[in-house]
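Protein chains: 4
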Amino acid sequence: MPDAYAMISEEESASGLGAAFRAVRDRTLALTAGLGPEDMVVQSMPDTSPTKWHLAHTSWFFEHFILIPLGGGKMWRPGWDYLFNSYYEALGPRHPRPARGLLTRPPLAEVLAWRAHIDSAMEDLLTRDNSPELTALTLLGLSHEQQHQELLLTDIKHLLAQNPLRPLAATAPRGTIPSLGWIDHPGGLMEVGCRSGGFAFDNEGPRHHVWLAPFQIADRPVCNGEWLRFMADGGYSTPSLWLSDGWARAQAEGWEAPLYWYQGEDDRWWTFTLEGCRPVDPAEPVCHVSQFEADAFARWAGTRLPTEAEWETAMQHRFNPGPAFGSAIRRHPFSMNGADAGGQVWEWTASAYLPYPAYRPAEGAIGEYNGKFMSGQMVLRGASIATPPGHSRPSYRNFFPPHARWQFSGLRVARDA
Amino acid sequence: MPDAYAMISEEESASGLGAAFRAVRDRTLALTAGLGPEDMVVQSMPDTSPTKWHLAHTSWFFEHFILIPLGGGKMWRPGWDYLFNSYYEALGPRHPRPARGLLTRPPLAEVLAWRAHIDSAMEDLLTRDNSPELTALTLLGLSHEQQHQELLLTDIKHLLAQNPLRPLAATAPRGTIPSLGWIDHPGGLMEVGCRSGGFAFDNEGPRHHVWLAPFQIADRPVCNGEWLRFMADGGYSTPSLWLSDGWARAQAEGWEAPLYWYQGEDDRWWTFTLEGCRPVDPAEPVCHVSQFEADAFARWAGTRLPTEAEWETAMQHRFNPGPAFGSAIRRHPFSMNGADAGGQVWEWTASAYLPYPAYRPAEGAIGEYNGKFMSGQMVLRGASIATPPGHSRPSYRNFFPPHARWQFSGLRVARDA
Amino acid sequence: MPDAYAMISEEESASGLGAAFRAVRDRTLALTAGLGPEDMVVQSMPDTSPTKWHLAHTSWFFEHFILIPLGGGKMWRPGWDYLFNSYYEALGPRHPRPARGLLTRPPLAEVLAWRAHIDSAMEDLLTRDNSPELTALTLLGLSHEQQHQELLLTDIKHLLAQNPLRPLAATAPRGTIPSLGWIDHPGGLMEVGCRSGGFAFDNEGPRHHVWLAPFQIADRPVCNGEWLRFMADGGYSTPSLWLSDGWARAQAEGWEAPLYWYQGEDDRWWTFTLEGCRPVDPAEPVCHVSQFEADAFARWAGTRLPTEAEWETAMQHRFNPGPAFGSAIRRHPFSMNGADAGGQVWEWTASAYLPYPAYRPAEGAIGEYNGKFMSGQMVLRGASIATPPGHSRPSYRNFFPPHARWQFSGLRVARDA
Amino acid sequence: MPDAYAMISEEESASGLGAAFRAVRDRTLALTAGLGPEDMVVQSMPDTSPTKWHLAHTSWFFEHFILIPLGGGKMWRPGWDYLFNSYYEALGPRHPRPARGLLTRPPLAEVLAWRAHIDSAMEDLLTRDNSPELTALTLLGLSHEQQHQELLLTDIKHLLAQNPLRPLAATAPRGTIPSLGWIDHPGGLMEVGCRSGGFAFDNEGPRHHVWLAPFQIADRPVCNGEWLRFMADGGYSTPSLWLSDGWARAQAEGWEAPLYWYQGEDDRWWTFTLEGCRPVDPAEPVCHVSQFEADAFARWAGTRLPTEAEWETAMQHRFNPGPAFGSAIRRHPFSMNGADAGGQVWEWTASAYLPYPAYRPAEGAIGEYNGKFMSGQMVLRGASIATPPGHSRPSYRNFFPPHARWQFSGLRVARDA
């Protein structure tokens, strides 16, 4: 049971779950290496959360939904329920999201002590209890924590990028645009959605039929070199390429390149990464673009975004995110090789995030996990360099509003056959 | 050829088109009866437009897209292009939408003179030219004008409702909740979208296959009596019934009933209509609710909203909006009878407004008509009491953001079979 | 008793007051010549009010504060109290100021009928009753109406300037910068504030002592030619000339010239007037500048703004606004001659609008007239081309926030002796 | 020369200045005792600054205005000029004020290292150089740092008060309302403003004449017990007591008590202090009220706020702030004794913050220190418990916008004799 991917496999036993628990929890802390207490308390915009809050909220999830109801412990500190509930209306009032960055107290040290306490209480409980209910809730809690691992990285990147003092990274060799191939699919009556066995979020099911017309989908994501051509061809100043809402947003916020790109004194495009600033590499997948930008690019290229059903159908036997994360995370951007099958950037689709046919959320507060966000968001598929190993799968539905750019989000184009 | 519904029928000849043109244009003016110049110039919120602007913009459409390119005339006044272009980016800069209400000049009288001029130039051109291009563009222009007829009514209603002086209408007899039946549908591989022959907007096609699971759909829209039960049962104060964005919007704007409803000194619910204020009638279809409210209601009722494919499939042989509009418009609300098959309120669906497979917008500025709005909006199907006769059809896709309430919008519930 | 100046003179009898009443009321209506109902209902920003509202509110003042309490009549229409109260908290809730432009009803014709009714009721009352109370309240009501005459002009100018269709006026001959002289004042213990006898607003008193150091004040306002030099010398882009709040406002709103100025295709500066657009005339007093701009100009010129005590002391025997208004109003801008002693533009001072020593507002709602605005505003002295004849005097204190520009506001510089 | 008050005395030599420098700088650091790095980096609203920023900015002031121009050193780190310039436009672009809380880097440790470096460089320079220019600039830098000492305390108090976890302090005995006496002043021609000799800010001069009418001023500030009576008498819900802007602000922000007061479950009023939450003590001076509230209170009490000239004239021989600060600071609120002559809370006046006659700001960037803020602010006189020992004097002019509440601000009433 050495890695977290096995953790969510079908055969997993309760004892293996304890090892998985430890691995996921440790990995969260490992991601904070190099950050000081100042870095971990500040909130850079209402959409992001401080690192310290992520550390606390993921512990709260275990305490609130597992330890207290299943007899594994009591509330650690009065009032923390209020501070670290993210959005569960059923649990009563909570600290307003845009004010998470005002919580200088409890200080980091106390939050870390709480984490240690939760870890030990959970491990103790997992030793004593191997009920299906505990297993299911623990898997949910770990998957939830893995989602926050990615958010922790996107959020800290956004914060550090606000600092006007920009360190330069050692400049890497620059690549060229890799070749592009098309995957053909004949369409027809297909099945999509998660199968039974193995963990999946509720929004990935029920598995159901969809009818697809024949289509083609690219064998790799769009790369920076292609994006630079789009920019050079006036992509950001040609309204006919854009959806109306996208154009309005791009004008209001002055978009002229992906988030974190800026023009250096040498007139080249540079990008801010967690390792410092580096020239944009044409060979790497474009990242930190909104769905609005992705849609405009696809139109410019004479293509379109795939629907989520097309993506899942075409990619389900090709998608293998493999070992991501870890030391690699600080090195984003990163290069593609010709055999890339995704997993470096989340890929925007043309699909709105809506419930699958016959979808029903769970009863109680846990039912607020996914269902209540099914409005105003678009689906992303795949995984990114910031996604924890083992956390994604072909049926995984990530979702963000179409203007969101601070995630590790890119695109793959498609076209009618 | 006496009515506009014939206008958009298949067999229509170019000479019939002239009569249809006159009928549609006259009907627009007829809708302004009872309005003074003050009522026609003010804009009540950024989403609405002044009546005078609707009168001018619909004329501009014929001048700009037909008369000038097809040799039927010149620009009437310099600068009016800038004032009365609605949203066509391809045509250059235009007057900002939220500032339409600042255009006290040209005064109403000049706009009416322009309308008369356009009418006569168009009728002249239709006599001389029976090319398919002119026919197609004229049908588009008339359908466009019919859309604005409905908007003119929704917008003037919104404006007049802002006035704190509320006239009382003669009180109508109050009905009771009509009985509700369910229409069964076995699902399977279905075809949806407009067929060739007859006018349809580009967003209604291409016709294509969808796979549907078996479902049931109600045989009438939700009525006020049912909505009052939802309210009495805490519908507006129970977050678990609501989508997250919907709940946030309802709290921010203090929703506790449909738009235009208010509680009288007698504690009963009243509603503002274009004929004055009247008690809410339990027998009438609920109107002026957002998609967020419709979705919450459906969840409360143990049902759901239908998808647009379900709606179209189930309703295509039952939908017959019949003679709407005219004198009836000022009398909204209105009663349902048991045989109601829609057509009194637009019905929110569970579907995001997205392009159909293989959809392509037209070339040029006219291509901005529908395609560029395919983001952030939800589909409504059917027609309302404010829809011009002959303007709707089973494949018609109306669309608004999920929080919009000032349209004549209600709902019909569905459920899995 | 033919003119309104006599109206507010000491000797005025009650019968003379009737003639003055008629003269002031008629003049208000005369100012609306050339405006259509559309022009009179729209509100161009929250600070301005529609013409129709001005017409109604000035009638409401007579009805509410005179006719009803003194037995001259009843409320004309129920609910109008709510609509046309401007800001008197003591009178209960009222229609929100930024929503005055949504009141398309009552229509203009009804407001005019109300005015006629009020006029006749007031004239009747003035014939029957010559009590000092009625005289005092009528003088207040007429002075109030005169204030609204000026606001009506500034507000309609602001509205018409929003229209992108800009008519050109016949171009007037352009003058040159007139010569400037300095008036010397030795300072010392002076008296300022209104004297007893004759009408004055409560904020002009009590008359009191101030100590002034010796100073000099210019013998004419700053003119456009001087302002163009300030602009050419980088006045709008040199932060050291500006107060901090002024600089922030200028940047936020992109100020680079007075309000209503714009650069024509011929690169010259033009200005919008109520008669159409004309080239800026160097000989005319600069107008439509904020106190922030006036202060920056004075600093640039090596001078300063006068305090209100300096202005009143130096100007009290030189100030004679003379016949303003009437046909001249539509011709603003206007020329200065060498002997100008003010009265064409209001002149910003360096003084905050604060109560004079021992100032006490009147009891009751009428006490809200002036006192409650003594925060955040700066004093202007003099009069403008839009000020009604006879309405101003040397002790008159006009006041607006330092960023306000839509008044007919200029400046006169001063310096230490 | 042991204390900082001597530091700013007339006789002070350059060697004494070194001791004063060390004392002031050390005191700043002492104020941060008990704060963690998280507390010191977060910004609670745009008006406040993080503690770390205060620590850095006060060092920047010495580096930029003294060490670099007078040959005492070079810039410590490139880019920090941009980060830690507060508002000097003459020095070029700077980090936006509302984004100071996003500067997680440089971390606290680096800022502290910089402080140590600046201290040693300044002490070295003061040993070598005893020019009047160095003395004057050092005195300015120290006075500037003392101002930031008070701001550091007000800002950290505001931040910690945002935390929903409210610690309770040991409850102190509660006092009663102390007796109130009136100080009589006959008025006449008075002199105000700083005298030559001793340090003073430029805005405290030039010394000049003012004419005062006879007046009375209270012999102590208003206390909490009196404020509770104002509240019980509907002070916060009676518009006639308020200035128009004040009423609008109070409604918009829901004021019903001073800032930091809240009603406990025992229905008593409590207040947040830097030592924890405690019941409001009727004997203590009221604190954390805006000028709008102070003005409303004075009107309710049948009094008024004094002008700054009245305050200075009446208090100049009674004002002795004495030893403030230090251990006492965490204990605010605090009690008054009968002999109180001010110095515990800043006292709002009725005077707008405007230049004295013949005031001229210094040349260059340093001239931006006080002059450019002379708009939209009101003067406070005296000193507070958070004011450093020796920092205030009778001519001292503190200033904030009339709605500001997060300073230690109270009031003293006056009335016409």
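Protein chains in written order, with my numbering: chain G, 1 to 417; chain U, 1001 to 1417; chain Z, 2001 to 2417; chain F, 3001 to 3417. Virtual Cβ for every residue (Gly too), placed ideally from N, Cα, C. Small disclaimer: the values here were computed from a predicted structure and weren't measured.
With DSSP as the reference, label residue i as helix, strand or coil.
{"i": "Z:Arg2166", "result": "coil"}
{"i": "U:Gln1344", "result": "coil"}
{"i": "U:Tyr1082", "result": "helix"}
{"i": "G:His144", "result": "helix"}
{"i": "F:Ile3177", "result": "coil"}
{"i": "G:Met122", "result": "helix"}
{"i": "U:Met1378", "result": "strand"}
{"i": "G:Ala257", "result": "coil"}
{"i": "G:Thr154", "result": "helix"}
{"i": "F:His3185", "result": "strand"}
{"i": "U:Asn1398", "result": "strand"}
Using a C-beta to C-beta distance shorter than 7 Å, which residues of chain F count as neighbours of residue i?
{"i": "Z:Asp2245", "result": "Ser3375, Gly3376"}
If the cut is a Cβ gap below 9 Å, which residues of chain F does residue i touch?
{"i": "Z:Lys2372", "result": "Pro3239, Ser3240, Trp3242, Leu3243, Ser3244, Asp3245, Gly3246, Trp3247"}
{"i": "G:Arg105", "result": "Gly3036, Glu3038, Asp3039, Leu3160, Asn3163, Leu3165"}
If you draw a straight line from the C-alpha of residue i to the C-alpha of residue j, how long is it?
{"i": "Z:Glu2063", "j": "Z:Met2075", "result": "7 Å"}
{"i": "U:Leu1228", "j": "F:Ala3248", "result": "37 Å"}
{"i": "G:Ile329", "j": "G:Arg174", "result": "At G:Ile329, the pLDDT of 48 sits below 50, so the modelled position is not reliable and the matter cannot be decided from this model."}
{"i": "U:Ala1218", "j": "U:Tyr1260", "result": "26 Å"}
{"i": "F:Ala3232", "j": "Z:His2158", "result": "45 Å"}
{"i": "F:Asp3266", "j": "F:Pro3388", "result": "36 Å"}
{"i": "Z:Gly2018", "j": "Z:Leu2142", "result": "11 Å"}
{"i": "G:Leu139", "j": "G:Pro279", "result": "40 Å"}
{"i": "U:Thr1135", "j": "G:Cys223", "result": "46 Å"}
{"i": "G:Ser59", "j": "G:Leu67", "result": "10 Å"}
{"i": "Z:His2332", "j": "Z:Thr2154", "result": "Note that Z:His2332 has pLDDT 44, beneath the 50 cutoff, so the model's placement of it is unreliable and the number below is only indicative. Going by the C-alpha atoms only, they are around 11 Å apart."}
{"i": "F:Ala3383", "j": "Z:Glu2089", "result": "36 Å"}
{"i": "F:Asp3184", "j": "G:Leu102", "result": "48 Å"}
{"i": "G:Thr28", "j": "G:Ile156", "result": "13 Å"}
Going by C-alpha distance, which of the options is nearest residue i?
{"i": "F:Leu3152", "options": "F:Ala3030, F:Pro3093, F:Glu3368, F:Pro3306", "result": "F:Ala3030"}
{"i": "G:Met190", "options": "G:Asp266, G:Leu83, G:Arg207", "result": "G:Arg207"}
{"i": "Z:Ser2120", "options": "Z:Arg2412, Z:Asp2295, Z:Ala2383, Z:Asp2026", "result": "Z:Asp2026"}
{"i": "G:Gly410", "options": "G:Met122, G:Asp184, G:Ala350", "result": "G:Ala350"}
{"i": "Z:Trp2346", "options": "Z:Glu2308, Z:Leu2354, Z:Ile2366, Z:Ala2362", "result": "Z:Glu2308"}
{"i": "G:Ser49", "options": "G:Phe84, G:Gly18, G:Gly72", "result": "G:Phe84"}
Just to make sure I have the definition right: I need the residues of chain F whose C-beta is within less than 8 Å of the C-beta of residue i. Which are they?
{"i": "Z:Trp2211", "result": "Leu3189, His3209, Val3210, Trp3211"}
{"i": "G:Val42", "result": "Val3041, Val3042, Gly3101, Leu3102, Thr3104"}
Which chain Z residues are close to residue i, counting only those with a beta carbon under 7 Å from its beta carbon?
{"i": "F:Pro3186", "result": "Those within 7 Å of F:Pro3186 in chain Z number zero; the least Cβ separation is about 14 Å."}
Does the beta carbon of residue i come closer than 9 Å to any beta carbon on chain C?
{"i": "U:Glu1038", "result": "This model lacks chain C altogether; the protein chains it does include are G, U, Z and F."}
* Asked: Fully enclosed by the region 3216-3250 of chain F, which beta strand (DSSP E) runs are 3 residues long or longer?
  -> If one requires a minimum length of 3 residues, no beta strand (DSSP E) run lies completely within the region 3216-3250 of chain F.
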